[in-house]
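If you use mature numbering (1 follows the signal peptide of the UniProt record, and there is no 0), the sequence shown corresponds to residues -21 to -1, 1 to 301, in order. The beta-carbon is built from N, C-alpha and C at its ideal position, and this holds for glycine as well.
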Amino acid sequence: MKFGPIAAACLSLALSSVAFAQTTMKISISTAQNSHQGVAIDTFAKEVEKRTGGRYKVQTFYNGSLGGERESIEAVQLGTQELAFSSTGPVPNFVPETKILDVPFLFRDKAHARAVLDGPIGQDLLTKFDAKGFKALAWAENGFRHMTNSKRDVKAPEDLKGLKMRTMENPVHIAAYKGFGIITTPMAFPEVFTALQQGTVDGQENPLPVIISAKFDQVQKHLSLTGHVYSPCIFLMNKASFDKLSAADKTAFLEAAKEGTKANRARVDEDDAKGVADLRAKGMTVIDNVDKAKFVTALAPVNAQFEKEFGKANLDKIRDYK
């Protein structure tokens, strides 16, 4: 059968539109592209496109360009944004069961934290997101949080008293830091650099990968490797958007998130390994001989409160997980 030139052109256009039919989704982070979080969403986006044969494309947004973490999570819950990658800072405001992960000194090290999140405890927590309008695709990592400030070296808990510190919008963190005598100032991440620069707050606390990628060395002099809280990250998707996917595409998104997590954790390891030397070279004073036992003791009253709230057995189940 022969087609006239117009018919042939129309057929060609129709075939090409079928071939390139593509659903575009957005995912955002509050940190820079060149960061452990940027690596996570870049890898995820690439894997989604590859695993769905290009039928789904994930647009990536960095540096809080679509809003801070809380705003992005709200947008995913409402369905105005399909995906977000966030630290767990604001997550308990949406899924209260996750608050337990933010208890200070709960995890021994990264291997322990990863084992908990990838095991039954972490996987059960992922299911708690469903009823809140989310599909939690995978746990990833922010890292162990450390303290920086512009005023003084922090070697012991008493050195923190009276420091005005930016905290995440997280009730567990706020309660713990008040226990150290810190004047807590909850603030969305995109506002932090300017607040430090202008002296609105004296300091902040974040994992090394965040401190490095945010260039906090430019506005902070003192870093103390307190490792006081392990900070997970999470891939979140709007539940309705996930439910519309075919079974094969659901698997593709879940597997893409796992690959994003692998890349993310590898970058955290890399940043942790070289971060202290890099920050010292940039002029920061780094206190790496912090007496963690003193910090744990200082939080005894707050920990008693956490044991009452979460149940000592639940906390011990995480602490003792092998």
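DSSP places V275 in the uninterrupted alpha helix (DSSP H) bounded by K271 to A277.
For the pair L62 and S7, the CB atoms are nearer than the 9 Å cut-off. In the DSSP annotation of this structure, the continuous segment of the alpha helix (DSSP H) that includes V151 starts and ends at P150 to G158. A straight-line Cα-Cα distance of about 8 Å links P280 and G158. 9 Å or more divides the Cβ of F123 from the Cβ of P71. The Cβ-Cβ distance between Q197 and Q183 does not fall below 9 Å. One thing to note: D132 has its Cβ within 9 Å of the Cβ of T264. Annotation: the continuous alpha helix (DSSP H) that includes Q177 extends over V171 to Q177.
In the DSSP assignment, S192 falls within the alpha helix (DSSP H) that extends over L187 to S192. Counting C-beta atoms within 10 angstroms of its own C-beta, E120 has 16 or more neighbours from the protein chains shown and is therefore classed as buried. The straight-line gap separating the alpha-carbon atoms of T59 and Y41 is approximately 17 Å. Per the C-alpha coordinates, the member of E28, K78, K89 and W118 positioned closest to L294 is K78. Here C212 is near A19, since their CB atoms are less than 9 Å apart. The shortest CA-to-CA distance from T230 to any of R30, Q12, S9 and Q1 is the one to R30. Residue pairing from DSSP places N128 in a beta bridge opposite G182 and H201. For K241, the uninterrupted alpha helix (DSSP H) segment begins and ends at A226 to A260. The residues D270 and K273, in chain order, have a CB closer than 7 Å to that of A135 in the same chain once the five nearest residues on each side in sequence are set aside.
Contact between the stretch 72 to 91 and the stretch 283 to 293 is present: 3 or more CB-CB pairs across the two stretches fall below 8 Å. A straight-line Cα-Cα distance of about 44 Å links D299 and R34. About 10 Å separates the Cβ atoms of L204 and L258, ruling out a contact at the 8 Å cut-off.
Rounded to whole angstroms, M126 and D248 show a C-alpha spacing of 19 Å. By the criterion of a C-beta distance shorter than 7 Å, D181 is surrounded in its chain by N128, S129, K130, L142, K143 and M144, once the five residues flanking it on both sides are discounted. With contacts defined as CB atoms closer than 9 Å, I191 and D250 qualify as a contacting pair. Annotation for F113: L215 and K218 place their beta carbon closer than 6 Å to its own, counting only its chain and skipping 5 residues before and after. Within the model, the alpha-carbon separation for I153 versus H207 is close to 13 Å. In the structure shown, P69 adopts coil according to DSSP, grouped into three states. Where Q38 is concerned, the enclosing beta strand (DSSP E) starts and stops at Y35 to F40.
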